[in-house]
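Colleague: Residue numbers (our numbering): 3 to 436. Just so you know, even glycine gets a beta-carbon here, dropped at the ideal spot from N, CA and C. All values reported here derive from a predicted model rather than from experimental measurement.
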Ligand SMILES: Cc1ncc(COP(=O)(O)O)c(C=O)c1O
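(1) Kindly indicate which residue of 379, 388, 296, 321 has the alpha-carbon position closest to the one of residue 111.
(2) Using only the heavy atoms of ligand 1, determine whether one of them is closer than 7 Å to the beta carbon of residue 247.
(3) Report yes or no: do three or more beta-carbon pairs, one from the segment 421–428 and one from the segment 385–396, lie closer than 8 Å?
(4) Assign residue 398 to one of three DSSP states: helix, strand, or coil.
(5) Can you find a heavy atom of ligand 2 that lies under 7 Å from the Cβ of residue 366?
(6) Tell me whether residue 275 counts as near ligand 1, meaning its Cβ is closer than 7 Å to at least one heavy atom of that ligand.
(7) Would you tell me roughly how many angstroms separate the C-alpha atoms of residue 406 and residue 158, rounded to the nearest one?
(8) Using a Cβ-Cβ cut-off of 7 Å (strictly less than) and excluding sequence neighbours within five positions of residue 120, which residues of its own chain qualify?
(9) Cβ of residue 228 within 7 Å of any heavy atom in ligand 1?
(10) Would you list the residues sitting across from residue 110 in a DSSP beta bridge?
(11) Going by DSSP, which residues form a beta bridge with residue 429?
(12) For residue 277, I'd like the list of residues in its chain whose CB is within less than 7 Å of its CB, leaving aside the five on either flank, ordered along the chain.
(13) Taking three-plus beta-carbon pairs below 8 Å as touching, is the segment 254–265 in contact with the segment 57–66?
(14) Please specify which runs of the alpha helix (DSSP H), each continuous and at least 4 residues long, are wholly inside the segment 149–179, giving them in chain order.
(15) For the segment 331–348 against the segment 78–85, do three or more pairs of beta-carbon atoms, one drawn from each stretch, fall closer than 8 Å, so that the two count as touching?
(16) Three-state secondary structure (DSSP) at residue 197?
(17) Which residues mark the beginning and the end of the alpha helix (DSSP H) in which residue 253 is found?
(18) Measuring CB atoms only, is the segment 314–327 touching the segment 399–418, in the sense that at least three cross pairs come out at less than 8 Å?
(19) Between the segment 361–378 and the segment 33–48, can you find at least three pairs of beta-carbon atoms closer than 8 Å?
(20) Between which two residues does the alpha helix (DSSP H) harbouring residue 407 extend?
(21) Could you give the DSSP three-state label for residue 2: helix, strand or coil?
(22) Compute every distance between the C-beta of residue 298 and the non-hydrogen atoms of ligand 1, then say whether any falls below 7 Å.
(23) Let me make sure I understand the geometry here. Which of 332, 410, 414, 206 has the alpha-carbon closest to that of residue 374?
(24) Taking C-beta to C-beta, are residue 316 and residue 65 nearer than 8 Å?
(25) Would residue 220 pass as a contact of residue 177 if the rule is Cβ separation under 8 Å?
(26) Would you list the one or two residues that DSSP bridges to residue 225?
(27) Would you say the beta carbon of residue 103 comes nearer than 7 Å to a heavy atom of ligand 1?
(28) By the three-class DSSP mapping on this structure, what secondary structure does residue 83 have?
(29) For residue 139, which option in 173, 127, 247 has the closest C-alpha, if you only look at C-alpha atoms?
(30) Is residue 222 near residue 214, with beta carbons less than 8 Å apart?
(31) Would you kindly work out how many angstroms separate the C-alpha atoms of residue 126 and residue 53, rounded to a whole number?
(32) Would you say residue 89 touches ligand 1, meaning its beta carbon is less than 7 Å from a heavy atom?
(33) Closest to residue 412 by C-alpha separation, out of 61, 46, 118, would be which residue?
(34) Quick check on the DSSP output: the alpha helix (DSSP H) that includes residue 120 runs from which residue to which?
(35) Per DSSP, residue 371 is paired with what?
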């Protein structure tokens with residue numbers, strides 16, 4: 003008995019020691035390593051190009067070769083199976099949109115903001131525009147008021163589809179059209195599983211279609227069913243995609259039954275950057291006939307997903323280092339910065355950069371990190387780095403935006419980097435936010 007008690011105790015000690023050792027081992031594995039390699043050749047060449055142009059304020063860089071790569075990947079996936087519609091909010095610059103329109107051979111754009119809609123209708127009079135979200139009817143009224151003030155070759159009654167998500171909004175748009183004696187095309191938002199609003203009931207849809215059909219001012223442009231949930235929701239992606247398309251088909255069947263004609267020649271939109279590749283080989287077998295995508299062409303970090311694995315990172319924030327300190331000090335907490343760096347040696351030193359607190363993560367030099375305790379700043383933000391990272395005051399650091407739609411608007415003109423020549427070739431103005 004005494005023997006087995008001693009044995010049990012010894013076994014417990016051994017077990018605990020084992021747990022402690024493996025715990026330390028695991029902690030050792032988790033403990034970050036110092037990264038002090040400094041900028042890669044790519045970022046050194048980008049830094050040189052920026053410095054040659056004297057660009058020393060925070061700048062949003064688009065890499066033209068990488069954008070070209072992404073355009074050709076997108077074309078390869080979509081082939082001739084679907085029309086391609088550019089999500090303009092994710093590439094919010096007229097020259098950038100023109101570049102992508104030329105590269106992909108499409109005139110189709112998806113817009114989300116009334117002032118941008120006016121800018122695009124004016125500057126790209128050949129374009130075919132679909133709203134990606136339903137706008138308040140007052141925005142539609144404002145569009146026509148501002149459009150009259152600057153007429154272009156653009157014909158809204160043929161080239162613009164307003165997005166309508168409910169019978170109530172349909173009534174408002176109908177009233178506006180009648181008041182202005184302005185023919186309007188409407189596209190109906192359908193819920194194919196995202197549950198972000200739009201028509202869900204076939205019965206209500208049929209009523210809305212009848213209203214459009216009977217209106218002297220409205221015409222039916224098609225459907226918009228967005229489905230990014232198919233790569234996010236639990237369940238096999240192919241199954242979720244097929245379920246979404248089966249749902250889409252029900253809406254199409256209801257429309258064809260209600261209208262008594264085929265709608266396959268109308269705008270039947272679906273897709274986004276994270277899902278467009280899932281339709282390869284399905285053209286003609288699913289109800290949708292066009293795919294939308296935007297962000298994937300510049301690939302911000304939110305789009306680092308397996309369905310975009312063949313796209314390249316083409317957008318960076320570049321900003322100069324204003325100050326470099328040999329250590330990391332947190333006001334009111336002496337020794338805390340040192341403690342942080344004992345655990346993570348990439349907290350050893352400090353750079354204060356020009357600007358900061360963007361929706362973005364540092365990428366170069368590798369190992370550059372935010373300090374969550376010191377706090378964030380939009381004016382001069384603290385970043386930490388390891389001993390030995392070759393970085394000087396006035397050098398640039400680089401971050402990757404998390405998303406493009408808002409971040410690309412924060413830096414003034416976009417800076418176009420031609421990596422093969424190692425030079426900044428152009429500056430492209432972004433949308434005026436209105
Ligand atoms: C209706 C609609 N379609 C497509 C997209 C896809 O845009 P992106 O390719 O930039 O993710 C979005 C994004 O918000 C959207 O709202």
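Modeller: So, to answer that:
(1) 296
(2) no
(3) The segment 421–428, when compared against the segment 385–396, does not touch it at the 8 Å Cβ threshold.
(4) strand
(5) Of the ligands this structure carries, namely ligand 1, none is ligand 2.
(6) yes
(7) 28 Å
(8) Within the same chain, 145, 148, 149 come within 7 Å of residue 120 by CB-CB distance, once the 5 residues on both sides are set aside.
(9) yes
(10) 130
(11) 417
(12) 229, 230, 232, 233, 309
(13) Segments in contact, no.
(14) Whole alpha helix (DSSP H) segments, 4+ residues: 158–161.
(15) No, the segment 331–348 does not touch the segment 78–85.
(16) coil
(17) 239–261
(18) Three or more Cβ pairs closer than 8 Å define a contact, and the segment 314–327 meets that threshold against the segment 399–418.
(19) yes
(20) Segment: none, residue 407 is in no alpha helix (DSSP H) and carries neither H nor E.
(21) Given a span of 3 to 436 for the chain in the structure shown, any question on residue 2 remains unanswerable.
(22) yes
(23) 332
(24) yes
(25) Taking 8 Å as the cut-off, the Cβ atoms of residue 220 and residue 177 do not count as close.
(26) 190, 270
(27) no
(28) coil
(29) 173
(30) yes
(31) 34 Å
(32) True, at least one ligand heavy atom lies under 7 Å from that Cβ.
(33) Ranking the options by Cα distance to residue 412, first place goes to 61.
(34) 116–125
(35) Residue pairing by DSSP puts residue 371 in a beta bridge opposite 386.
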